[in-house]
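Read through the structure below, which is laid out as structure tokens, and then see the notes.
There are 2 protein chains.
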Amino acid sequence: MRATRFFISTLKEAPADAEIISHKLMMRAGMIKRLGSGIYNYMPMGLRIIRKVENIIREEMNRAGAIEMLMPVVQPAELWQETGRWDKMGPELMRVKDRHGRDFIIQPTSEEAITDVVRSEIRSYRQLPVNFYHIQTKFRDERRPRFGLMRGREFTMKDAYSFDRDVDGLKKSYQIMYDAYTSIFQRFGLQFRAVAADNGAIGGSGSHEFHVIAETGEDALVYCPTSDYAANMEAAEALALSDSRAAASAAMAKTATPGKEKCEDVAALLNLPLTATVKSIVLAVDADEGKEKQIWLLLLRGDHELNEVKVSKVAGLANFRFASESEIVEYFGCKPGYLGPVGTVKPVKVVADRTVANMADFVCGANEEGYHLTGVNWGRDLPEPVVADLRNVVAGDLSPDGKGVLAIQRGIEVGHVFQLGTRYSEDMKATFLDENGKPQLLQMGCYGIGVTRILGAAIEQNYDDKGIIWPTAIAPFEVVICPMGMDRSEAVRTETENLYQALLAAGVDVILDDRGERPGAMFADWELIGVPHRVVVGDRGLKEGKLEYVARRGGEAVHVPVAEMAAFIQARLAEQ
Amino acid sequence: MRATRFFISTLKEAPADAEIISHKLMMRAGMIKRLGSGIYNYMPMGLRIIRKVENIIREEMNRAGAIEMLMPVVQPAELWQETGRWDKMGPELMRVKDRHGRDFIIQPTSEEAITDVVRSEIRSYRQLPVNFYHIQTKFRDERRPRFGLMRGREFTMKDAYSFDRDVDGLKKSYQIMYDAYTSIFQRFGLQFRAVAADNGAIGGSGSHEFHVIAETGEDALVYCPTSDYAANMEAAEALALSDSRAAASAAMAKTATPGKEKCEDVAALLNLPLTATVKSIVLAVDADEGKEKQIWLLLLRGDHELNEVKVSKVAGLANFRFASESEIVEYFGCKPGYLGPVGTVKPVKVVADRTVANMADFVCGANEEGYHLTGVNWGRDLPEPVVADLRNVVAGDLSPDGKGVLAIQRGIEVGHVFQLGTRYSEDMKATFLDENGKPQLLQMGCYGIGVTRILGAAIEQNYDDKGIIWPTAIAPFEVVICPMGMDRSEAVRTETENLYQALLAAGVDVILDDRGERPGAMFADWELIGVPHRVVVGDRGLKEGKLEYVARRGGEAVHVPVAEMAAFIQARLAEQ
């Protein structure tokens, strides 16, 4: 590609509404252009990157035996009513009426559409397993679109859907997709991590997220550097921090702690470590079908944080909410800040985190304003609690697989694989006939990659103060040739053209910057855009028979004989 | 591709709602699957064809210097309000509100979006000309979607938009696109014709349609077999059928023609040729801004048909409608069937078609029920009329370029190129600075190809009673290998695999049918799907060292030595 036949448009400053680095750099590099809130034009420079991402995904999906098709953007509401998602999904589901007043949605995903295809196309176990995917425009009407492609409304997603005859088959299809995703992210040249995830509202029995590692990531990833264990914060199991409970060594005593509502302040006042304190969190479960309203007290060690996903899995707490202050006063006789499990006004259900359950001589609120209890011990001062994993893990916790301690890093979710089971096939009556001619529900899996989000995530991981540093596999161009004074020097023109043609002939994705820009502006553009390999052709170097090569990452100039540059570049590309 | 790794799903019968052959065959061949009214899933077999069509378009657009980008499906209403299309377009424009109640549209085309990009990106004449295109999902909420991909609601379109500094530049950009379209349709391997078209509501100064020739086409194409002249029926100019008017030779007389309301019946009764009669068409133009309502009488020769696009271009008739029966009685004193230009009750404006203006001694209604006038002559019996081209051409008419006579064939519109001029740049204030630093409006052109419609049109042109006959360039596969008894014969297995690998290595897009179907079912499938080249590997042929080749079009079997088949196929493909 010659730059004068392409469209290059860079900006010195990012627009004011660009908050994060990837959004700023994509806008400055002319890769995207805002059309509306959360809706972007993909400019020529951005589209090249998207196409490379899509092609890698397509190749690996095909290799894994998935079959590409294309489902529509606009889909009839009836299908979404069959599965109940028409009602369950909130305003992020974009709804539209046609000229006859019939309801449609603009697809955020395609579980319903593919299940509709499969329930009429798949009749026999002989046709299974099968896995269909498409790469298509999606829409989610985010309440507050921001961060460019990271939380836009219109985006491109690859979504695949596997169908199997039984759970064993589903697990195999799932593993094939998990492996394909691993290949895809490796080929992108990005640092990534797959973590076990909670299935959440989508239901089903197994799920992993694929994250691009980046300090700016929204999600905390938990992993064990000495084993395979990895999970997201919602799903990472927290073990008790001690194997067993020490014997009680102090008597329970009430201590004045006026104005000290936080564990940190109480510990400081009493000259105790924070790890000797217990914090109280009060939840309510509203009355339902004859059951009365319940108030629950959850206990965490003072330095720990509540994990709401884990809470929702405690028997009886699926529909919990945080209690109101008036409910707290009613049940504890005291306002928040001094609450504890000993001596509540009305009975509450107590659940202790695994670590709290093994504590002895701990400190908690006395259910009296300005007072805490010290030397509290299970069994002696209060009944043994229900025990559950309620907290977020922290770095240094033991790994649940017993093979080391946990570390935490930040990530950006770019892929997600789910075992859905019969969640959709049941509602939509998607069955096949087994060997005995009996109809059986299809076992379904779904597998998504946020194509456009990859761009933002890749940049959050790979940039410096000059701009983006693309991994070669998804760079808009692999190589840029920057001639110095092409208009003045016949030698520069000739060697530039020779190298350009040699690289094209070798199948290298090269752009020749023939715009006639000054060297400073030209280099700044390509450093901002992030092309990983640059060759400078100039009279000074040519006098010594050399061209200058600079890698975008690293940046040290290497002087290579003219005749060897094409081979040098190919060798660098082969290293990736 | 191995068939067992792909998804093949054929039907013996087309669904009842498939009215035309291309819709029936695409459904039967498992290329599309209905999701909703006018909304289709592109099944794997169909998507392969779409991708081939897209790739040819992309290559030729790039070669012509157009630059690919991607504009969103969902676009803010504000842009469409700027150009007035938000109000002007009817319910075929799909409108949607987001969660905040803001208006959006699902794009049917992208003139507004690209003009919004260009007005901020193009600042100087130095950046011109420029041509951006995208291949993207479109939506038109057709009142009555039908004919499969021919008149669907969601479809894929390639739309390109050129921007130039002046009309000369626009004409050049337009010609480049016209030539690129010619290359594209040639590469598809389809018979097509480019015809001059009326610009219609979109405005501007020049336009051509590209049609795939098919007897089942909705549009009549007019062309001159001995010259370059070609136009669609709306735009084809009809010359007068005689150079000058003959002298009057009969006196005007009133003749009883009871019950004969049609020219054909009057001519038969009077024993005159139909070409001696004149038919009357009454139009109304409603009162507007001080002007009173006008009634117009249009006169056509008895065997000719009215062309409403031409009528709307007659000065004063831009907003015509057909007159009601009560208006006709009020102005002519007579009901339709016996109307004419002589002796109306109230004054009407008379416009004669060019051919009628040169007629002498003609027959028309007498404005009295049951009577016609014969021997009517201009100037003597009634004033000289306003003359205009009002009729559709017919085969045998003189070509407007004077180089032969016109022929008519049917076509399906699949492409359209327009010179838009400043239609959008004016409303959206899209300007550039010229050499003198003065802002000037951009001259715009737009160029569309209906990607998914190509599939329907190609089939309407290429099918037989067995199914589809794809041109090789856009066939889902170029070659199918059909092994006979692969499970029983080691020789068949070996030679099948050898040929398959040889063709793959040669870059041939080949599918190996390893499903184990019976030969009859297997051949029927591939004839229905329309793969253009078939090789049969069977023990009978192998005994003589031969494989059987059959072209989908033609169908005579050719027996080719095993070792030569790969080369034979490549030679056949090179012929295309």
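One line per chain: the protein sequences are A and B, in this order. Okay, so the first sequence: first residue is 1 according to our numbering, each after it adds one. Okay, so the second sequence: first residue is 1001 according to our numbering, each after it adds one. Every residue gets a Cβ at the ideal spot worked out from N, C-alpha and C, and that includes glycine. Here the structure is a predicted model, which means the values were calculated and not measured.
For the region 1339-1396 of chain B, the full-length alpha helix (DSSP H) segments reaching 4 residues or more read 1354-1357 along the chain. Against chain A, a Cβ distance below 9 Å from Ala1113 of chain B picks out Leu35 and Asn41. Proximity of chain B to Ile67 of chain A at the Cβ level (cut-off 7 Å) is accounted for by Phe1006, Phe1007 and Pro1044, in chain order. Here Ala1505 of chain B carries a helix assignment [DSSP, helix/strand/coil]. Leu1239 of chain B sits away from Leu1420 of chain B, with the two beta carbons spaced by 7 Å or more. Between the C-alpha atoms of Gly402 of chain A and Arg380 of chain A there is a straight-line separation of about 32 Å. DSSP places Gly1448 of chain B within a strand segment (E or B) once states are collapsed to three. Among the residues of the region 1148-1163 of chain B, those with a Cβ less than 7 Å away from any Cβ of chain A are Glu1154, in the order of the chain. Annotation: the continuous beta strand (DSSP E) that includes Met157 of chain A extends over Glu154 to Asp164. Within chain B, no residue has its beta carbon less than 7 Å from that of Ile176 of chain A; the closest one is some 13 Å off. A straight-line Cα-Cα distance of about 7 Å links Lys33 of chain A and Tyr42 of chain A.
Taking a beta-carbon distance threshold of 7 Å, Arg99 of chain A counts as an interface residue toward chain B. The criterion of a C-beta distance shorter than 7 Å is satisfied by Glu237 of chain A and Asp389 of chain A.
In the DSSP secondary-structure assignment, Val1314 of chain B is not bridged to any residue.
Residues Gly1030, Met1031 and Pro1476 of the same chain have their beta carbon placed closer than 6 Å to that of Met1045 of chain B, with the five preceding and five following residues left out of the count.
Taking 7 Å as the CB threshold, Pro1145 of chain B stays off the interface with chain A.
The shortest CA-to-CA distance from Gly450 of chain A to any of A:Ala18, A:Arg153, A:Thr83 and A:Leu70 is the one to A:Arg153. When DSSP reads this structure, Leu1241 of chain B sits in no beta bridge, so it has no partner. Between Ala360 of chain A and Ala323 of chain A, the CB-CB gap reaches or exceeds 7 Å. The shortest CA-to-CA distance from Arg553 of chain A to any of A:Val479, A:Met522 and A:Pro561 is the one to A:Val479.
Put simply, of A:Arg126, A:Phe523 and A:Tyr133 the residue whose alpha carbon is nearest the alpha carbon of Ala113 of chain A is A:Tyr133. Ranked by Cα distance from Gln501 of chain A, the options A:Ala567, A:Tyr447 and A:Pro439 are led by A:Ala567.
A straight line joining the alpha-carbon of Lys1171 of chain B with that of Ile1213 of chain B spans about 27 Å.
Counting along the chain, Glu1327 of chain B sits inside no beta strand (DSSP E); it lies in the alpha helix (DSSP H) bounded by residues Glu1325 to Phe1332.
Within its own chain, the residues whose Cβ lies closer than 6 Å to the Cβ of Thr452 of chain A, once the five positions on either side in sequence are excluded, are Leu149, Phe155 and Thr156, listed in chain order.
Judged by their CB atoms, Gly302 of chain A and Lys335 of chain A are not nearer to each other than the 7 Å cut-off. For Ile1481 of chain B, the enclosing beta strand (DSSP E) begins and ends at Val1479 to Pro1483.
At a beta-carbon threshold of 7 Å, none of the residues of chain A lie near Asp1228 of chain B; the nearest stands roughly 31 Å away. Under DSSP, Arg193 of chain A shares a beta bridge with A:His211. When rounded, the separation of the alpha-carbon atoms in Tyr1229 of chain B and Leu1573 of chain B is 33 Å. Residues of chain A whose Cβ lies closer than 8 Å to the Cβ of Phe1139 of chain B are, in chain order, Val73 and Val74.
Against chain B, the CB of Leu512 of chain A has no partner CB under 7 Å away; the residue lies outside that interface.
Contact annotation: the region 163-182 of chain A touches the region 428-444 of chain A, with at least three C-beta pairs closer than 8 Å.
Fewer than three Cβ pairs drawn from the region 499-513 of chain A and the region 214-234 of chain A lie within less than 8 Å of each other, which leaves the two stretches out of contact. Runs of the alpha helix (DSSP H) lying entirely within the region 1400-1428 of chain B, each at least 4 residues long, are 1423-1427 in chain order. A direct Cα-to-Cα measurement between Asp87 of chain A and Pro1015 of chain B gives close to 32 Å.
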